[in-house]
Amino acid sequence: MADSVRQKPNWSRLAFWAVLSLCALGWALVATQAMAATRLEITKAEWKPDKFELKIEGKGQKGKKITITDSSSSALIGTTTVNSESKWKIKVSKPSTVPCRALAEGYGQAAERDIKNAPANCGGHPSQTLIELIVQGPISVPENSSATYTATASFSDGSSQQLSSGVTWSESSPFADIAATGALSTSEVSGDQTGLITAGYTYEGVSKTATHSFTIENAGASPATGS
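If you want my numbering, it's the 1-based position in the sequence shown plus 7.
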């Protein structure tokens, strides 16, 4: 008879283990949040060429000093302090050199991040500025024929380059058409027709345009033959 009597669950013991499990879960969550709050991070690093401004943001331990440098040259970008929301940020207007990658260091931790929109000369690489664009090609083209035009860019370091891509081409004549390669084709005309070719090119945020006048030549009537 006694063997058939079921034992009642010990609710007190079950409640104890349930509370203990919840406490352990809570402690683990608090520890995870604390670790996340103290971990040094760079959440954003961006160069804004329209404003000539470098902006770097991150997270870290409240009240700690953060030093930001160029990760390649170790040149100082600036220092800041983590605020009460565990966030920090720094803005630098018109820096002498835009870094390719930023390094943040503080309270024994470090974090790195590439600079978004960094220019080609980031990190102090030799700088080139586009100063002039020239279009070259024939000034006269026969009707129903073709001709090739080229665009050459000149830079501040004294170098120049004939451009094979990145050039936008247009022309003004209804009797001609120009391709993205600079190849001009002409159609039949009843008399000589003038036109204007325009080329455009942008390099590191600097845009230049150049023009070149041309004439579509009418072949004229065939000379008369005597009888």
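The beta-carbon is built from N, C-alpha and C at its ideal position, and this holds for glycine as well.
For the pair leucine 47 and serine 93, the Cα-to-Cα distance works out to about 10 angstroms.
For histidine 219, same chain residues with a beta-carbon under 7 angstroms away, outside a window of 5 residues either side, are Val142, Gly144, Tyr156 and Ile204 in chain order. Between the beta-carbon of isoleucine 97 and that of isoleucine 122 there is about 13 angstroms, and that puts the pair past the 8 angstroms contact cut. Within the stretch 103-167, the complete beta strand (DSSP E) segments of 3 residues or longer fall at 108-113, 116-121, 137-143, 147-149, 153-155 and 157-162, listed in chain order. Here serine 177 carries a strand assignment [DSSP, helix/strand/coil]. Secondary structure at leucine 83: strand, using DSSP grouped into helix, strand and coil.
Listed in chain order, the non-local C-beta contacts of lysine 101 below 6 angstroms within the same chain comprise Phe59, local neighbours out to five positions each way being set aside.
Exposed is the label assigned to tyrosine 114, since fewer than 16 other Cβ atoms lie within 10 Å of its Cβ. Spanning the alpha carbons of valine 26 and threonine 45 requires a straight line of approximately 29 angstroms. DSSP, reduced to helix, strand and coil, places valine 26 within a helical segment of the structure shown. Judged by beta-carbon spacing, arginine 120 lies beyond the 7 angstroms limit of alanine 206, meaning their Cβ atoms are not closer than that value.
Contact between the stretch 167-181 and the stretch 195-203 is present: three or more C-beta pairs spanning the two stretches fall below 8 angstroms. By the beta-carbon neighbour count (other beta carbons within 10 angstroms, threshold 16), serine 171 is exposed. Close CB contacts of serine 147 within its chain, under the 7 angstroms cut and outside five residues either way in sequence, are with Phe221, Thr222 and Glu224 (chain order).
Nearest to asparagine 128 by C-alpha distance, out of Pro56, Thr216 and Tyr208, is Pro56. Residue pairing by DSSP places threonine 216 opposite Gly207 in a beta bridge. Less than 7 angstroms separates the beta-carbon of alanine 125 from that of cysteine 107.
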